[in-house]
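Novice:
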Amino acid sequence: MKEKQKSIWVFGDYRNYYQNRVTLQLLSKAVDLARPMNAEVCAVVIGCDIDEWIMEYTAHGADRILAIDHPSLIGYSTEYYLSLVEQLVGQRDPDILLIGATDFGREFAPRLAKRLKTGLSADCVGLDITPEGLLVQIAPSFGGNMLAEIVTEKHRPQMATVRPGTFKEIPHNHERTAIVERLPLPDNLSAPRVRVVEYERAVEREHTIENASVIVCGGRGMGNRNNFKKLKELANLLGGDVGATRPVVYAGWADHGALVGQAGKHIKPKILFSFGISGAIQHTAGLGEANFIVAINKNPQATMMKMADVAISADAGDLLGSLIKELKKRIRE
Ligand SMILES: Cc1cc2nc3c(=O)[nH]c(=O)nc-3n(C[C@H](O)[C@H](O)[C@H](O)COP(=O)(O)OP(=O)(O)OC[C@H]3O[C@@H](n4cnc5c(N)ncnc54)[C@H](O)[C@@H]3O)c2cc1C
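For the sequence shown, the working numbering begins at 3 and goes up steadily by one.
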């Protein structure tokens, strides 16, 4: 009997495409993982007028595209999308299914895994393949204090969501080709129970911290909202952007878009200033690609100070004030 073609599926999440490159990053990783498994990389694209994404995913590594293009899929409906992917998986039995850990993926993937009665490793920060062809899903666990290597031995597909920025995308190659299967909308879909009344695009910030080359990041050690606000002044003087830790976001000193770490953004600045941050693993998980780190903390033993290239033992507010003053003076000179 002919052996089943192994396949790695990547769910095409093209919302907010120009900032959100996670699907391309996952395709690139899927190409790596597919090699030892001799598997096919397949992108699943659902929506209305999706040719742009079909071409894009082809150019970024997909061997096959499963496309469902229909006017009734113009807006995202969890129920529709879940039913469609559930049916496709049932028909084709992929070995691995990867989804970006975006707001969308974080809602969609657990529900899909539940329907498929398989496991899901959420927010993975690495993926690998064992010699036996099992997907190693590397994810922070036990509150982020450890990195666990998880394998799904028995159930299929092996599912993982992966944080944006974890992998690098392969450059666009317009000469690549893929098998494009345009599939009909099944007629057994029941009407969704949730109706989206309106979409409104969130106001976009001028630049996102994922792409900033200078980042001034502040933590609880900034003490209060006013001190924290001054980080923006330093960032502006340096042509950079502001990042934050979770307690700061929870306190309302910064918005969620500034959160750096496991539950937020992965950043890759040329230089990172870290003010009053302890260096918990959930935060440092987002700093893997920072080139040069300057940490300011009153506790020289803080993890952040130990991992910094330059560690300054000082009061964060005082040092920030001095730095701003000095920079302004130099700009005037
Ligand atoms: C599932 C999960 C996911 C999480 N995801 C994230 C995430 O994505 N990002 C994230 O950041 N956190 C995340 N966290 C929270 C994380 O565990 C830490 O609690 C958080 O990173 C700590 O933030 P912090 O460094 O600002 O605060 P703290 O740990 O309280 O550290 C404050 C630091 O400031 C220093 N300090 C105090 N006063 C001063 C001063 N006057 N001058 C200079 N230094 C001073 C202290 O010495 C200390 O080192 C997550 C937690 C969980 C459980």
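Every residue gets a Cβ at the ideal spot worked out from N, C-alpha and C, and that includes glycine.
With three or more C-beta pairs closer than 8 Å as the rule, is the segment 165 to 183 touching the segment 29 to 39?
Specialist: Taking 8 Å as the limit for Cβ pairs, the verdict is that the segment 165 to 183 does touch the segment 29 to 39.
Novice: Measuring CA to CA, which of Met309, Asp105, Ser9 and Asp53 is closest to Pro96?
Specialist: Among Met309, Asp105, Ser9 and Asp53, the Cα nearest to that of Pro96 belongs to Ser9.
Novice: May I ask whether a heavy atom of ligand 1 can be found less than 7 Å away from the beta carbon of Gly280?
Specialist: At residue 280 the sequence reads Ser, which differs from the Gly that was named. Ser280 Cβ: within cutoff of ligand 1.
Novice: Excluding the 5 residues preceding and the 5 following Leu26 in the sequence, name in chain order all residues of the same chain whose CB lies nearer than 7 Å to its CB.
Specialist: Closer than 7 Å at the Cβ level, and outside the excluded window around Leu26, lie His62 and Glu171.
Novice: Per DSSP, which one or two residues make a beta bridge with Leu122?
Specialist: Paired residue(s): Met161.
Novice: Could you check where the beta strand (DSSP E) with Ala141 kicks off and where it finishes?
Specialist: Looking at the DSSP string, the run of the beta strand (DSSP E) that includes Ala141 is Leu137 to Ser143.
Novice: Return the chain-ordered list of same chain residues with a C-beta closer than 6 Å to the C-beta of Ser85, the five sequence neighbours on each side being excluded.
Specialist: Cβ neighbours of Ser85 beyond the five flanking positions: Leu191.
Novice: Compare the Cα-Cα distances from Lys267 to each of Leu118, Gln7 and Val164 and report the closest residue.
Specialist: Comparing Cα positions, the closest option is Val164.
Novice: Confirm, please, whether the CB-CB distance from Gly220 to Met161 is below 8 Å.
Specialist: Not in contact: Met161 and Gly220 (Cβ atoms no closer than 8 Å).
Novice: Starting from Val43, trace the beta strand (DSSP E) in both directions and tell me its first and last residue.
Specialist: Segment Glu42 to Gly49, the beta strand (DSSP E) holding Val43.
Novice: What are the complete alpha helix (DSSP H) segments, minimum 4 residues, inside the segment 239 to 268?
Specialist: Runs found: 248 to 252.
Novice: Is Ile299 near ligand 1 - that is, is its Cβ less than 7 Å away from at least one heavy atom of it?
Specialist: Going by the sequence as given, residue 299 is Asn instead of Ile. Correct: Asn299 has its Cβ closer than 7 Å to ligand 1.
Novice: Out of curiosity, what's the CA-to-CA distance linking Ser280 and Arg222?
Specialist: Answer to the nearest angstrom: the Cα atoms are 9 Å apart.
Novice: What do you reckon, are the CB atoms on Ala124 and Met224 nearer than 8 Å?
Specialist: In this structure, Met224 does not lie closer than 8 Å to Ala124 by Cβ.
Novice: Pull the bridge partners of Gly128 from the DSSP assignment, please.
Specialist: Ile140.
Novice: When every heavy atom of ligand 1 is checked, does at least one fall within less than 7 Å of the C-beta of Pro249?
Specialist: Correct: Pro249 has its Cβ closer than 7 Å to ligand 1.
Novice: Is there at least one Cβ from chain B nearer than 8 Å to Met39's Cβ?
Specialist: Of the protein chains in the structure, only one exists, and it is not chain B.
Novice: Rounding to the nearest angstrom, what Cα-Cα distance links Phe106 and Val91 in this structure?
Specialist: Roughly 19 Å between the two C-alpha positions.
Novice: Where does the unbroken alpha helix (DSSP H) through Gly77 begin, and where does it stop?
Specialist: Note, Gly77: premise wrong, no alpha helix (DSSP H); not H, not E.
Novice: How many Å lie between Val262 and Asp130 at the Cα?
Specialist: Their backbone Cα atoms lie some 24 Å apart in a straight line.
Novice: With a 10 Å radius around its C-beta and 16 neighbouring C-beta atoms as the bar for buried, classify Ile295 as buried or exposed.
Specialist: Per the 10 Å Cβ criterion, buried.
Novice: Which residue or residues does DSSP assign as beta-bridge partners of Asn226?
Specialist: Its beta-bridge partners do not exist; DSSP assigns none.
Novice: Cβ-heavy atom distance between Gly288 and ligand 1 below 7 Å?
Specialist: Indeed, a heavy atom of ligand 1 lies less than 7 Å from the Cβ.
Novice: Taking DSSP as the reference, what is the three-state secondary structure of Asn18?
Specialist: Three-state DSSP puts Asn18 in coil, outside helix and strand.
Novice: Who pairs with Ser315 in a beta bridge, going by DSSP?
Specialist: Bridge partners of Ser315: Asn299.
Novice: Please indicate yes or no: does the CB of His285 lie closer than 7 Å to some heavy atom of ligand 1?
Specialist: Yes, the beta carbon of His285 sits closer than 7 Å to at least one heavy atom of ligand 1.
Novice: Can we count Ile222 as close to ligand 1, meaning its CB is less than 7 Å from some heavy atom?
Specialist: The question names Ile, but residue 222 is Arg in the sequence shown. Yes; taking the cut-off as 7 Å, the Cβ of Arg222 has a heavy atom of ligand 1 nearer than that.
Novice: Should the segment 179 to 194 be regarded as contacting the segment 241 to 261, the criterion being three or more beta carbon pairs within less than 8 Å?
Specialist: Because the criterion of three Cβ pairs below 8 Å is not met, the segment 179 to 194 and the segment 241 to 261 do not touch.
Novice: If I follow the unbroken beta strand (DSSP E) through Glu151, where does it start and stop?
Specialist: Its beta strand (DSSP E) spans residues Met148 to Ile152.
Novice: The beta strand (DSSP E) that contains Glu183, what's its start and end?
Specialist: Looking at the DSSP string, the run of the beta strand (DSSP E) that includes Glu183 is Ile181 to Arg184.
Novice: In chain order, what residues of the same chain have a beta carbon less than 7 Å from the beta carbon of Ile152, not counting five sequence neighbours either side?
Specialist: Once the five neighbours on either side are set aside, the close Cβ partners of Ile152 are Ser123, Gln139 and Ala141.
Novice: Confirm the yes/no value for this check: CB of Leu261, any heavy atom of ligand 1, distance under 7 Å.
Specialist: It does: the Cβ of Leu261 is within 7 Å (strictly closer) of some heavy atom of ligand 1.
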